[in-house]
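If you read the sequence shown in UniProt numbering, its first letter stands for residue 1, the second for the next number, and so on.
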Amino acid sequence: MHQQGFSLIELLMGLAIAAIVLPWVGTSYKGLIESIEREDTAQLLLSGLRSARSEAITRNRRVLIQGIDNDWGKGWRITLDNKEKTLLTERRSSARVVGNSTVKRRIRFGSQGEALHSNGSFQAGTLHVCAKRRPVSHHQVILAPSGRVRLESIEAEQALCAKGLKAGSGPSVPSASRT
Numbered sequence: 001m002h003q004q005g006f007s008l009i010e011l012l013m014g015l016a017i018a019a020i021v022l023p024w025v026g027t028s029y030k031g032l033i034e035s036i037e038r039e040d041t042a043q044l045l046l047s048g049l050r051s052a053r054s055e056a057i058t059r060n061r062r063v064l065i066q067g068i069d070n071d072w073g074k075g076w077r078i079t080l081d082n083k084e085k086t087l088l089t090e091r092r093s094s095a096r097v098v099g100n101s102t103v104k105r106r107i108r109f110g111s112q113g114e115a116l117h118s119n120g121s122f123q124a125g126t127l128h129v130c131a132k133r134r135p136v137s138h139h140q141v142i143l144a145p146s147g148r149v150r151l152e153s154i155e156a157e158q159a160l161c162a163k164g165l166k167a168g169s170g171p172s173v174p175s176a177s178r179t
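So, in structure tokens, the structure goes:
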């Protein structure tokens, strides 16, 4: 008669192999999830900036897109420049986003789609989608003075990404709302 099942030695060997392999798999999986979150945030931010520019051209009015609580990582809000109406709110907390001084908190698009400061001068800058635990920018959303927006995906050390590394935010569920 043929015996079915595992012997104690076979079972222990299987558990030993699993104990060795699982930490590697867990670390790789976590890195993959963070990479997907960064890519998703960069694509959504690019889309949000393009939507704000398109709204400015369509409405023939100035449109403002700004970080929620002046933090792009918390999400962004698209409003008419006089803030009479919120057009779109996008909430994200899966990746850190920082901008250089000219786009740190907000971007204003003129009625012809150009990026403008509040004084009317042209605005340009870069928003960096940063790693959670290192001062590295993985994706850069670049705003030209003409208002055109493009995405570059170059992994590079970035001093702006070093700010706020200690302060971590807890996970939350992203949501989008349109009014």
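For each residue, glycine too, the CB sits at the ideal point set by N, CA and C.
Remember, predicted model here, so these are calculated numbers, not experimental data.
Item	Value
Determine, using beta-carbon pairs with one atom in the region 10-25 and one in the region 108-127, whether at least three such pairs fall under 8 angstroms.	no
What do you reckon, are the CB atoms on L49 and V149 nearer than 8 angstroms?	yes
I need the DSSP call for I17, collapsed to helix, strand or coil.	helix
Whole beta strand (DSSP E) runs in the UniProt domain "General secretion pathway GspH" (41-147) with 3 or more residues, listed along the chain?	63-68, 71-80, 86-91, 96-99, 106-109, 125-130 and 136-143
Can you look up L8 in the DSSP assignment and give me helix, strand or coil?	helix
Check whether the region 91-100 and the region 32-47 are in contact - that is, three or more C-beta pairs closer than 8 angstroms.	yes
Roughly how many whole angstroms lie between the Cα atoms of Q4 and E10?	13 angstroms
Kindly indicate which three-state DSSP category L151 falls into: helix, strand or coil?	strand
Is the distance from the Cβ of H128 to the Cβ of Q158 below 8 angstroms?	yes
Taking Cβ positions, are R108 and S101 nearer each other than 8 angstroms?	no
Using the Cα positions of P171 and H2, report the straight-line distance between them to the nearest angstrom.	With a pLDDT of 38 at P171, under the threshold of 50, the modelled position of that residue is not reliable, and the figure given next carries that caveat. Straight-line Cα distance between these residues: approximately 53 angstroms.
Within this structure, are the beta carbons of I33 and A52 separated by less than 8 angstroms?	no
Going by DSSP, what residue range makes up the alpha helix (DSSP H) through L160?	A159 to A162
Applying the 10 Å Cβ sphere with the 16-neighbour rule, what's the burial state of E55?	buried
Please name the residue in A18, L12 and G99 whose C-alpha comes closest to that of I142.	G99
Going by Cα to Cα distance, which pick from L160, I36 and Q112 is closest to R61?	Q112
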